[in-house]
Amino acid sequence: MGWLDRVEDQVDALTKARALQEVSRSAEAYAILERVLRTTRDPHARADALVQRLSALINLGRTAEYTRAIEEASAAVRDLAEPYLHGHLNALAALAAHHQGALDRCVTHLVRAARALGAVDDPDRDTAWGWHDLAMAYSYLSFHGYALGAIERARQLGNAAGIPEETFAAPGIRLRNAVALDHTGDGDGCLRVLRDIATDLDRFIAAGNADRLRPSSLAAYGYAGARRAALGDVVDTGGGAEPGRLLGHGADSARARDMRQLGQVCLAIAAGRPIEAVTRLETVQVSAETLGAAEPARLRSIALGRAGDHAGAHRADRLAFRLAAQRHDRLRDVYIDGIAARIDHEEMRREAARFEGEALTDPLTGLPNRRRLERYIASVVSRGERVVIGVCDLDGFKAVNTRHGHHSGDLVLQRVAGVINRVMRRGDFVARYGGDEFVVVLPGAGMTEAAEVGRRIDAAVRTEDWESLVPGTPVGVSIGFAEVGAGGPGQRDALGAAFEAADREMLQAKVRPRSA
Numbered sequence: 001m002g003w004l005d006r007v008e009d010q011v012d013a014l015t016k017a018r019a020l021q022e023v024s025r026s027a028e029a030y031a032i033l034e035r036v037l038r039t040t041r042d043p044h045a046r047a048d049a050l051v052q053r054l055s056a057l058i059n060l061g062r063t064a065e066y067t068r069a070i071e072e073a074s075a076a077v078r079d080l081a082e083p084y085l086h087g088h089l090n091a092l093a094a095l096a097a098h099h100q101g102a103l104d105r106c107v108t109h110l111v112r113a114a115r116a117l118g119a120v121d122d123p124d125r126d127t128a129w130g131w132h133d134l135a136m137a138y139s140y141l142s143f144h145g146y147a148l149g150a151i152e153r154a155r156q157l158g159n160a161a162g163i164p165e166e167t168f169a170a171p172g173i174r175l176r177n178a179v180a181l182d183h184t185g186d187g188d189g190c191l192r193v194l195r196d197i198a199t200d201l202d203r204f205i206a207a208g209n210a211d212r213l214r215p216s217s218l219a220a221y222g223y224a225g226a227r228r229a230a231l232g233d234v235v236d237t238g239g240g241a242e243p244g245r246l247l248g249h250g251a252d253s254a255r256a257r258d259m260r261q262l263g264q265v266c267l268a269i270a271a272g273r274p275i276e277a278v279t280r281l282e283t284v285q286v287s288a289e290t291l292g293a294a295e296p297a298r299l300r301s302i303a304l305g306r307a308g309d310h311a312g313a314h315r316a317d318r319l320a321f322r323l324a325a326q327r328h329d330r331l332r333d334v335y336i337d338g339i340a341a342r343i344d345h346e347e348m349r350r351e352a353a354r355f356e357g358e359a360l361t362d363p364l365t366g367l368p369n370r371r372r373l374e375r376y377i378a379s380v381v382s383r384g385e386r387v388v389i390g391v392c393d394l395d396g397f398k399a400v401n402t403r404h405g406h407h408s409g410d411l412v413l414q415r416v417a418g419v420i421n422r423v424m425r426r427g428d429f430v431a432r433y434g435g436d437e438f439v440v441v442l443p444g445a446g447m448t449e450a451a452e453v454g455r456r457i458d459a460a461v462r463t464e465d466w467e468s469l470v471p472g473t474p475v476g477v478s479i480g481f482a483e484v485g486a487g488g489p490g491q492r493d494a495l496g497a498a499f500e501a502a503d504r505e506m507l508q509a510k511v512r513p514r515s516a
């Protein structure tokens, strides 16, 4: 079952918004998502719309709105136990944090996204898009190896879901890898990657599948070709691979718009108009995150070199190298700070876990206590699962305390806890409710299964060697079971009613004749 199969309201509108974003028509998708948010009461539909809306804002480059959009989406997703949704939200939040220059938050979101998407039990086309967006975030942060791994995962899932290979071609990932090589002085390495990108485009064109490429991918192919030409490589402009035409794609994508402006600079250099290229660079306004802060400086260096201003080209080249190095320094600092923060966090987590464990665990038996029991039952019932509650009360326990003292009574309680735990089914829950009373919770069971569990508990307690522990004071157990009613507005009442019914059954069991 895919994610959208869980959504009960306005699925057609959410599906249409997805399709529009896939072809870089995010402004239209945004309008649809706003209508969904105004009219839906379904928490799943609302969460999906908010995550999609964040994607649209990122595509449109509306940076000022990122923080609020992330907060609203996070609040909607927080209580939904759906790994895909958490993974995709964190992938998008990583992209947003990167565009905002918050590298520490970006790295945190990347880790969370990868873990959540990797935990999806039944991955579908939406999960594939989650991996795609995670690959983009890795790529913008210059984690090129991780980016390639994530996009390959997206391709595999996409292929299984019937998404054409071309949809996840993602030339932008390798393009950012190529220009990063050039920024640090490896022009030959840059050209090798750019030529590989061109080979892929030629393959899609030859197979007649170029029309399946996303508009943003076409823009990236266009920039890759223009960048090669600016470096002096001969670029084949036939068969639909002409860089200038490809740069015209991308619709309302902010990243495609940036590549279009810088691509025109590259084409001016390639056409022998370096002064025009320098002039264009004076007026372009592009995000430093699209192709790296160093890209305009590197293009200026190439243009000035072609114009014969070798001193100016050298200065621009040094600036490009310095900007690229600053990026690496920032990443290094993020990791150093992150390691320190992680050490502090682990120490705090261990301390908190110790106190949490003490607060939710019965210190005598080691079983969950009443507080933890109530949390567990509420969680199971809220998910709409069938559940039976059993109340177990010890017989003869008062005599144990009277004849042998409270220390022996404590030993009996510890042994009873072990006996009950030993005979329960896998997945059942046992807690000490208080005094000599224990509660068992049987998720997914009915009264027939409960009766069988009760017989096993009774038999195990009766056959235990109590004589060696508390001579002359036999110990038994009386058990009553009741089914919890369906969840809903009266859920708490249903829970209380089930406890009362189980308690009554237990009291009746105490006076019922026992078989020998």
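Note that UniProt numbering numbers the sequence shown so that position 59 is 59, with each residue one more than the last.
By construction, the Cβ of each residue, glycine as well, lies at the ideal position given by its N, Cα and C atoms.
Contact check between the segment 415–435 and the segment 460–474: three or more CB pairs, one atom from each, fall below 8 Å, which counts as touching.
About 18 Å separates the beta carbon of residue 161 from that of residue 119, a gap too long to meet the 8 Å contact definition.
Listed as beta-bridge partners of residue 388 by DSSP are 442, 483. Nearest to residue 476 by C-alpha distance, out of 509, 445, 444, 447, is 509. Per DSSP, residue 432 is one residue of the beta strand (DSSP E) stretching across 429–434. For the pair of segments examined, the segment 216–232 was found to touch the segment 184–201: the number of CB pairs separated by less than 8 Å reaches three. Burial state of residue 164 is exposed, judged by a 10 Å Cβ sphere holding fewer than 16 other Cβ atoms. Separation of residue 304 and residue 10 (C-alpha to C-alpha, rounded to the nearest whole angstrom) is 55 Å.
Ranked by Cα distance from residue 218, the first of 63, 241, 182 is 241.
With at least 16 other beta carbons inside 10 angstroms of its own, residue 136 counts as buried. In the three-state scheme derived from DSSP, where H, G and I count as helix and E and B as strand, residue 165 is classed as helix. According to DSSP, residue 477 shares a beta bridge with 394.
If you ignore the 5 residues before and after residue 323, its C-beta comes within less than 7 Å of the C-beta of 293, 294, 297, all in its own chain and listed in chain order. As summarised for the segment 132–206, the continuous alpha helix (DSSP H) elements at least 4 residues long and confined to that stretch are 144–160, 171–183, 187–206, given in chain order.
At the C-beta level, residue 390 and residue 470 stay beyond 7 Å of one another.
Spanning the alpha carbons of residue 104 and residue 247 requires a straight line of approximately 33 Å.
Residue pairing for residue 368: DSSP places it in a beta bridge opposite 361. Judged by their CB atoms, residue 113 and residue 142 are not nearer to each other than the 7 Å cut-off. Of the other Cβ atoms in all chains shown, 16 or more fall within 10 Å of the Cβ of residue 506; this residue is therefore buried. When DSSP reads this structure, residue 437 sits in a beta bridge with 393, 434. Here residue 287 carries a coil assignment [DSSP, helix/strand/coil]. Runs of the alpha helix (DSSP H) spanning 4 or more residues and lying entirely within the segment 19–101 occur at 26–39, 43–60, 66–77, 83–99, in chain order.
Residue 171 counts as buried, since no fewer than 16 other beta carbons sit within 10 angstroms of its beta carbon. The Cβ-Cβ distance between residue 50 and residue 73 falls below 7 Å.
Between residue 108 and the set 91, 428, 274, the nearest pair of CA atoms involves 91. DSSP, reduced to helix, strand and coil, places residue 259 within a helical segment of the structure shown.
Under the three-pair Cβ rule at 8 Å, the segment 252–264 counts as touching the segment 202–217. A straight-line Cα-Cα distance of about 50 Å links residue 159 and residue 456. Where residue 213 is concerned, there is no enclosing alpha helix (DSSP H), because DSSP gives it neither an H nor an E. The beta carbon of residue 59 sits closer than 6 Å to those of 26, 253, all from its chain and outside the five residues before and after it, given in chain order. Here residue 250 is buried, its C-beta having at least 16 other C-beta atoms within 10 Å. The DSSP-derived three-state label of residue 496 is helix. Of all alpha-carbon atoms in 243, 89, 472, 428, the one lying nearest the alpha-carbon of residue 399 is that of 472. The C-beta distance from residue 364 to residue 431 rounds to 12 Å, too long to meet the 8 Å contact threshold. A distance below 6 Å between beta-carbons, with the five flanking residues on each side excluded, links residue 197 to the following residues of its chain, in chain order: 171, 174, 224.
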